[in-house]
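Worksheet: the structure to be examined is printed underneath.
Number of protein chains: 2
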Amino acid sequence: MNIDALSTPCVLIDADKMKANIQRAQDYADTYGFTLRPHIKTHKIPAFAYLQIEAGARGITCQKLGEAEVMADAGLDDILISYNIIGFDKLSRLAALARKIKLTVAADSRFTVDGYNAVAETTGATFDVLIECDTGGGRCGVQTPDEAVTLAAALRGGARFAGLMTYPATGKTEEMSEWLRAAIAAFDKAGVTVETVSAGGTPDMWKAHTVACLTEYRPGTYIYMDRSQVAAGSAMMQDCALTVLTTVVSKPRPDRAIIDAGTKVLTSDILGMDGFGHIPSCPQAHVSGLSEEHGILRAESGLPEIGDRVQIVPNHACVVSNMFDTVYLVSGGHVLDALPVAARGKVV
Amino acid sequence: MNIDALSTPCVLIDADKMKANIQRAQDYADTYGFTLRPHIKTHKIPAFAYLQIEAGARGITCQKLGEAEVMADAGLDDILISYNIIGFDKLSRLAALARKIKLTVAADSRFTVDGYNAVAETTGATFDVLIECDTGGGRCGVQTPDEAVTLAAALRGGARFAGLMTYPATGKTEEMSEWLRAAIAAFDKAGVTVETVSAGGTPDMWKAHTVACLTEYRPGTYIYMDRSQVAAGSAMMQDCALTVLTTVVSKPRPDRAIIDAGTKVLTSDILGMDGFGHIPSCPQAHVSGLSEEHGILRAESGLPEIGDRVQIVPNHACVVSNMFDTVYLVSGGHVLDALPVAARGKVV
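Here the protein sequences line up with chains A and B, keeping their order. Residue numbers for the first sequence, in full-length UniProt numbering: 1 to 348. Residue numbers for the second sequence, in full-length UniProt numbering: 1 to 348.
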């Protein structure tokens, strides 16, 4: 089937570009001797996680338990949930998952560690724990290396300390590197081995080799790439594997065309850029505004006509794929497969 | 069941506030003698559409065919799709829907009208068409009253001209009023009756009675209300029926707490405001940033602790309910029902 037969708006995944993106990152990791543990929040599709594993990735990363459950049900057996798992309901699910697969979770507080110790003790579950460190990202994470050592020492029994993780600030690779070096020194001093040192983020992934202590990297967006990654310099526009196929539904004036994709497709993620996407076939078109089901294209001339179809490279691929139940795997304008986005909406 | 038993993040709909919002709008419309045709893009739940109909609404509005199909399957039998329906695939679905219910669609171009004429002729389907007018909103719509008259005259057979519709710019009720008055004069001059004059948008809904020619209003957000409506002055914070229940998962510093809801729950919709939501139980907390699965709360002091649950009034209710397969109907902290968001993701 040709993509012209698809109803719009829909998400197309260029199989060739995606595979090239996977291989490029794996080659880079192999060259510099660190492990790749791709974050599946970007695609949420077990078949694509398997492509990453087959290329050489060691396990996958998920952000939420619900994502990990979907992946484990599909047979993925080595999963890091890079998140504090809080509450009885979720700790019970954690225990069930830990009986099924090799599970690693994150902790940045005594509250979280106490929960992990309790569930390990009461259920007999065993799992690894990475202490999350705030190396400049300003989100989760212990604030000092000493806090990391103290927290690691509080883990008991089946909740086993396995190392450190961070989600660094973009453009601050050096600060992260210094922070982690100090942390490893503090653990050395305490006589504790740090097996894993894990960082993530596609924008700075090609600098990962400059951080000597890293053992693992968790890129997510790299499988699809997107307009924000092109802006960050981590990809070229022709690397972008995910596009949104849309139809022009109105052209009220020569300088304004309206497409059938709005925030319920492209989302409002702007990520510091101007506009809501890039149209390779009509680069002068500025995707100037979105409402829920309309997108506004502006250009002095050359805008597509009503009924024309345009492919848009979105600002942020990870949130766009999460808006769809199904994405279409394509190659050279032909549809190869329709794949359910199995972990879409699994925010719990 | 108490809401404390729900896993977070999840969406709560306060049944009492929702019903009051529905009734308040219906009373207003009844007082001034115009019809209410609520836009279901906000809730996407047939049971809530029925509440709106039972209160006195005449039919409902949908933005996409997929939403209308879900509502028609649930028995809603008078639907306006306020959108240009383009393409053979969608016109076939339009014809099927028109055989089942009283259907009205929008058109703002000869391209769209030609499609409607063709599908009416070839399938025998009959449906109403409103000419969409750009009265200042700068999205879809014919640019002049004369264009509206010309387009209406091009409709044939089962594709019946029924009136005008507009989605006006917020805060520009007077411009809309002037535009529509001129359009009605142009139709009068052409000897054509304009049965329906339909406008929409919750921010300006309480000014609808000042537009003498309006026969119908299509508010969407009014059923839930949200932080942007409070900012626009169309609701008070205590009217907001939709909240997101979240858990604090990390508190790296006294002035920063992290919740388990990010852009995949609250979305990046900012709508001209500062921050991503309001927390009634902790109004000093600034929801300062979101990543995909984390929300950052900031305040000098008084932030909730790890494990605490907080309810957030989002910036934009319509996009948040679209992120969930299920929402919880609640009253006084008790869960009354778990309702599937049946038309979630129906963007095609």
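Note that the Cβ used here is the ideal one computed from N, Cα and C, for glycine as well. Just so it is clear, the structure is predicted and the values come from calculations on it, not from any experiment.
What are the start and end residues of the beta strand (DSSP E) that includes residue i?
i	result
A:R37	First-last for A:R37: undefined, no H or E at that position.
A:S80	Note that residue 80 of chain A corresponds to Leu in the displayed sequence, not to Ser. Per DSSP, A:L80 belongs to the beta strand (DSSP E) from 78-84.
A:K102	102-107
Which stretch, first to last residue, makes up the alpha helix (DSSP H) that contains residue i?
i	result
residue 349 of chain A	What the structure shows of chain A is the stretch from 1 to 348, and residue 349 of chain A is not part of that stretch, so it cannot be assessed.
B:D73	65-73
A:K189	173-189
residue 381 of chain A	The question about residue 381 of chain A has no answer here: the residues shown for chain A are numbered 1 through 348.
By DSSP, does residue i sit in helix, in strand, or in coil?
i	result
B:S228	helix
B:E132	strand
A:D204	coil
B:Y50	helix
B:Y167	coil
A:V341	coil
A:A153	helix
residue 403 of chain B	Not covered by the structure: residue 403 of chain B. The range shown for chain B is 1 to 348.
A:I3	helix
A:I60	strand
B:T215	coil
B:A235	coil
B:T126	coil
B:H43	coil
A:T193	coil
Measuring straight from C-alpha to C-alpha, what distance separates residue i and residue j?
i	j	result
A:A241	A:S321	12 Å
A:V313	A:H278	5 Å
residue 365 of chain B	B:G200	No statement about residue 365 of chain B is possible, as the shown extent of chain B runs from 1 to 348 and does not include it.
A:G302	A:I81	47 Å
A:M236	A:D255	28 Å
B:R156	B:N117	6 Å
residue 404 of chain A	A:D27	Outside the shown range of chain A (1 to 348) lies residue 404 of chain A, about which nothing can therefore be said.
B:C10	B:A183	46 Å
B:V149	A:I223	51 Å
A:Q311	A:P280	7 Å
B:G332	B:D269	28 Å
B:A15	A:V105	37 Å
A:S177	A:A212	8 Å
B:A153	B:R37	25 Å
A:T126	A:F276	44 Å
A:L164	B:K41	44 Å
A:I131	A:T215	15 Å
B:I13	B:Y328	6 Å
B:G262	A:A317	16 Å
A:I101	A:K90	16 Å
A:R344	A:P145	36 Å
B:Y217	A:S288	27 Å
B:L245	B:T193	50 Å
Using only the heavy atoms of the ligand HEM, determine whether one of them is closer than 7 Å to the beta carbon of residue i.
i	result
B:Q143	With respect to the ligand HEM, the structure shown offers nothing to examine, as it has no ligands at all.
Subject >> Where the stretch 76-103 of chain B meets chain A: residues whose CB sits under 8 Å from a CB there >> reply: Answer in chain order: Y83, N84, I86, G87, D89, K90.
**OP:** Anything in the stretch 163-187 of chain A with a Cβ closer than 9 Å to a Cβ of chain B? List those residues in chain order, please.
**Re:** Residues are counted here when their Cβ sits less than 9 Å from a Cβ of chain B; for the stretch 163-187 of chain A these are Y167, given in chain order.
Subject >> Selection of the stretch 312-324 of chain A by Cβ proximity to chain B, strictly under 8 Å >> reply: Listed by position along the chain: C318, V319, N322, M323, F324.
Subject >> Selection of the stretch 221-232 of chain B by Cβ proximity to chain A, strictly under 7 Å >> reply: Within the stretch 221-232 of chain B, no residue has a Cβ that lies closer than 7 Å to any Cβ of chain A.
Subject >> Every unbroken beta strand (DSSP E) within the UniProt domain "D-serine dehydratase-like" (241-331) of chain B, with a cutoff of 3 residues, ordered by chain >> reply: Here the runs fully enclosed are 242-253, 256-259, 286-290, 295-298, 309-314, 326-331.
Original post:
Listed from N- to C-terminal order along the chain, which residues in the stretch 262-286 of chain B have their beta-carbon within a distance smaller than 8 Å of any beta-carbon of chain A?
Top reply: Of all residues in the stretch 262-286 of chain B, T263, K264, V265, T267, S268, D269, I270 have a Cβ within less than 8 Å of some Cβ in chain A.
Subject >> Ordered list of alpha helix (DSSP H) runs contained in the stretch 5-33 of chain B, each at least 4 residues >> reply: Taken in chain order, the unbroken stretches of alpha helix (DSSP H) that lie wholly in the stretch 5-33 of chain B and span 4 residues or more are 15-32.
Original post:
Which residues, in order along the stretch 110-121 of chain A, keep a beta-carbon less than 7 Å from a beta-carbon of chain B?
Top reply: Within the stretch 110-121 of chain A, the residues whose Cβ lies closer than 7 Å to some Cβ of chain B are F111, listed in chain order.
**OP:** Report the residues of the stretch 38-67 of chain A with a CB closer than 8 Å to any CB of chain B, ordered along the chain.
**Re:** Residues passing the 8 Å Cβ filter: K41, Q63, K64.
Subject >> Under 8 Å (Cβ pairs) to chain B, residues found in the stretch 136-165 of chain A >> reply: Here the close residues are G138, R139, C140, G141, V142, Q143.
Subject >> chain B contacts made by the stretch 185-217 of chain A, where a contact means CB separation under 9 Å >> reply: Among the residues of the stretch 185-217 of chain A, none has a Cβ less than 9 Å away from any Cβ of chain B.
Original post:
What residues in the stretch 4-24 of chain B have a beta carbon less than 9 Å from any beta carbon of chain A?
Top reply: Shown in chain order are the members of the stretch 4-24 of chain B whose Cβ falls below 9 Å from a Cβ of chain A: A5, L6, S7, T8, P9, C10.
Subject >> Selection of the stretch 331-346 of chain A by Cβ proximity to chain B, strictly under 7 Å >> reply: Result list: G345.
**OP:** Return the residues of the stretch 243-256 of chain B that lie within a Cβ-Cβ distance of less than 9 Å from chain A, sorted by chain order.
**Re:** Listed by position along the chain: T247, V248, V249, S250, K251, P252, R253, R256.
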